[in-house]
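Residue numbers (full-length UniProt numbering), protein chains in the order written: chain A, 1 to 220; chain B, 1 to 220.
We put the CB at the ideal spot given by N, CA and C, even for glycine.
This one's a predicted model, so the numbers in the text were calculated from it and none came from an experiment.
A short write-up of the structure that comes next.
Protein chains: 2
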Amino acid sequence: MTEKIKVYLADDHQMLIEGMKAVIKTNEDFEVVGYSLNGMRLIEEVVKAKADILVMDINMPEKDGIEVLKELSSYETPFKVIVLSSYDDLKLVKEVIKLGARGYLTKQSVGDSIIEALIEVHNGEEYFCKIMQEKILASFSHNTQNINQVKIVPQIYLTERELVIIKLIALEYSGKMISEKLFISTNTVETHRKNLLKKLNLKSSIGLAKYAIKNNLIHF
Amino acid sequence: MTEKIKVYLADDHQMLIEGMKAVIKTNEDFEVVGYSLNGMRLIEEVVKAKADILVMDINMPEKDGIEVLKELSSYETPFKVIVLSSYDDLKLVKEVIKLGARGYLTKQSVGDSIIEALIEVHNGEEYFCKIMQEKILASFSHNTQNINQVKIVPQIYLTERELVIIKLIALEYSGKMISEKLFISTNTVETHRKNLLKKLNLKSSIGLAKYAIKNNLIHF
DNA sequence: AATCATATCACTAAAATTAGTGATTTTTCA
DNA sequence: TGAAAAATCACTAATTTTAGTGATATGATT
Chain A
1 MTEKIKVYLA DDHQMLIEGM KAVIKTNEDF EVVGYSLNGM RLIEEVVKAK
51 ADILVMDINM PEKDGIEVLK ELSSYETPFK VIVLSSYDDL KLVKEVIKLG
101 ARGYLTKQSV GDSIIEALIE VHNGEEYFCK IMQEKILASF SHNTQNINQV
151 KIVPQIYLTE RELVIIKLIA LEYSGKMISE KLFISTNTVE THRKNLLKKL
201 NLKSSIGLAK YAIKNNLIHF
Chain B
1 MTEKIKVYLA DDHQMLIEGM KAVIKTNEDF EVVGYSLNGM RLIEEVVKAK
51 ADILVMDINM PEKDGIEVLK ELSSYETPFK VIVLSSYDDL KLVKEVIKLG
101 ARGYLTKQSV GDSIIEALIE VHNGEEYFCK IMQEKILASF SHNTQNINQV
151 KIVPQIYLTE RELVIIKLIA LEYSGKMISE KLFISTNTVE THRKNLLKKL
201 NLKSSIGLAK YAIKNNLIHF
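Structure, rendered in structure tokens:
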């Protein structure tokens with residue numbers, strides 16, 4: 001047969017390493033070429049071992065997985081990374097994917113899906129374990145939560161007029177333009193602006209604009 | 001047994017209606033209580049039929065599915081909606097979910113998953129067909145595409161210094177604060193600001209801030 | 001009838017931004 | 001090494017924004 005695909009493991013739990021070694025041994029396409037119990041000099045070791053895939057825990061002593069990924073993402077590397085983690089936290093997944101990881105497994109699901117993950121990632125795909133797939137799908141729905149909610153209600157109550165003013169500010173209208181548009185004096189506009197700044201505890205009109213964007217007061 | 005779950009179908013293709021009726025008949029938990037070939041007076045009909053779930057095509061004559069959903073989302077309705085569509089377009093899914101739909105099936109996958117979708121949605125879950133699930137997962141990865149890309153490259157080339165300045169502006173630093181932070185004169189800061197406004201064809205610092213946000217120059 | 005919230009406007013003075021022009025020094029790169 | 005790009009700074013003048021205080025009018029609420 002052709003060369004086996006080389007896997008390097010990094011996790012501070014020896015037992016998990018042993019477990020993964022055992023599972024990976026059952027598939028003849030892969031072989032474990034080494035492992036580390038911490039993140040120090042990990043990249044060096046992986047490169048030295050000529051591994052194709054690094055399966056790495058995020059929580060490691062000395063240097064954690066995020067740090068390793070950050071370093072990796074700053075230059076080209078000859079291997080791909082699958083991240084292991086105890087946490088099924090969406091933000092963390094997003095973070096590690098952004099930093100270049102190709103797969104994410106929670107530790108509960110390692111047993112079921114490590115081989116599948118290795119295959120997918122080796123084929124250039126990305127892989128998320130079942131739990132994370134479900135989470136991702138769920139977040140996709142929940143991100144679009146404006147159901148039946150016509151108006152977005154900001155945390156702090158703004159009056160109708162203030163809403164109009166802050167929107168125009170965010171739309172890059174100057175004070176004068178606003179006053180002309182609304183047929184009021186610039187003094188009034190300024191007063192509203194001041195009240196907005198105070199109410200929202202912001203320092204500048206740029207802050208107001210950002211507030212408007214964050215709270216979906218304007219289309220961005 | 002207890003009452004069956006009532007399903008109402010809306011699709012301008014009679015054959016698809018017949019197909020769905022046949023498939024749904026195989027499951028004794030559900031029954032089809034009516035159907036429409038267009039969107040006119042659809043809501044009225046569904047309510048009259050006391051349906052629990054509406055399975056609705058997006059492309060319908062007279063009044064399309066989006067319109068129906070918009071109307072539905074403006075008040076409470078006693079039934080849930082699963083959307084059928086020929087298109088596997090993510091934006092469309094997002095749109096219909098935002099408008100209150102609980103499930104999304106492409107027409108290719110109706111046969112395989114309509115029952116599954118009905119069960120899930122009836123249990124208060126959301127349901128996406130296989131194809132869409134894959135699309136959603138893929139988009140999740142691709143949205144975080146900055147892999148190995150340390151610097152974000154805006155459409156228009158900004159110099160290092162200009163990038164620093166525009167970021168600080170977007171972070172609500174005043175000209176003076178910037179000058180103090182960077183140990184340069186306010187004149188210089190103003191010059192950079194002017195150059196940025198001209199380069200990016202923007203009218204105000206709020207425009208600069210929005211540009212910085214849009215182009216991921218700052219964390220927002 | 002009195003009160004409160006909202007919206008309106010005024011005045012002043014300081015600070016900042018905008019607009020335009022011009023110039024010097026550093027860095028980069030062919 | 002020489003030209004181009006980038007970064008730096010200055011000066012002027014008009015305009016705008018910020019900051020603070022105070023005042024009037026209107027409508028809703030109690």
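Backbone secondary structure at residue i - three-state DSSP
i, result
"Ser36(B)", "strand"
"Leu217(A)", "coil"
"Asn148(B)", "In this predicted model, Asn148(B) has a pLDDT of only 35, less than 50, meaning its place in the structure is not dependable; the value taken from the coordinates is given anyway. Of the three classes helix, strand and coil, the one that applies to Asn148(B) here is coil, per DSSP."
"Ile5(A)", "strand"
"Lys210(A)", "helix"
"Ser204(A)", "coil"
"Leu16(B)", "helix"
"Lys198(B)", "helix"
"Gly191(B)", "Sequence check: residue 191(B) is Thr here, not Gly. Here Thr191(B) sits in helix by DSSP."
"Lys50(B)", "coil"
"Pro154(B)", "A caution first: Pro154(B) carries a pLDDT of 42, below 50, which makes its placement in the model unreliable, though a value can still be read off. Coil, per DSSP."
"Thr26(B)", "coil"
"Leu69(B)", "helix"
"Leu171(A)", "coil"
"Ser185(B)", "coil"
Below-8 Å beta-carbon distance, residue i vs any chain A residue
i, result
"Phe140(B)", "yes"
"Ile166(B)", "no"
"Asn146(B)", "In this prediction, Asn146(B) has a pLDDT of 37, which is less than 50 and means its spatial position is unreliable; what the coordinates show is noted afterwards. At least one chain A Cβ lies under 8 Å of Asn146(B)."
"Ile136(B)", "yes"
"Glu28(B)", "no"
"Lys210(B)", "yes"
Interface flag, residue i vs chain B, CB-CB below 8 Å
i, result
"Glu162(A)", "no"
"Ser205(A)", "yes"
"Ile97(A)", "yes"
"Glu172(A)", "yes"
"Ile213(A)", "yes"
"Phe128(A)", "yes"
"Leu133(A)", "Per the sequence shown, residue 133(A) should be read as Gln rather than Leu. Yes, contact with chain B."
Residue i and residue j closer than 8 Å at C-beta
i, j, result
"Leu99(A)", "Leu69(A)", "yes"
"Ile82(A)", "Ala51(A)", "no"
"Asp57(B)", "Leu84(B)", "yes"
"Glu162(A)", "Asn216(A)", "no"
"Val189(B)", "Gly175(B)", "yes"
"Val96(B)", "Tyr104(B)", "yes"
"residue 224(A)", "Lys6(A)", "This structure gives no information on residue 224(A), because the portion of chain A shown stretches from 1 to 220."
"Met60(A)", "Val93(A)", "no"
"Leu202(A)", "Tyr211(A)", "yes"
"Tyr127(A)", "Glu134(A)", "no"
"Leu137(B)", "Ile136(A)", "yes"
"Asp64(B)", "Gly34(B)", "no"
"Ile169(B)", "Ala209(B)", "yes"
"Ile206(B)", "Glu180(A)", "no"
"Ile24(A)", "Val32(A)", "yes"
"Pro78(A)", "Val47(A)", "yes"
"residue 278(B)", "Ser36(B)", "This structure leaves residue 278(B) out entirely; chain B is present only between 1 and 220."
Sheet register partners of residue i (DSSP bridge)
i, result
"Met56(B)", "Ala10(B), Val83(B)"
"Glu31(B)", "Lys6(B)"
**3-residue-minimum beta strand (DSSP E) runs that sit fully inside the region 76–147 of chain A, ordered along the chain** = With a minimum length of 3 residues, the continuous beta strand (DSSP E) runs that stay inside the region 76–147 of chain A are 80–85, 103–106.
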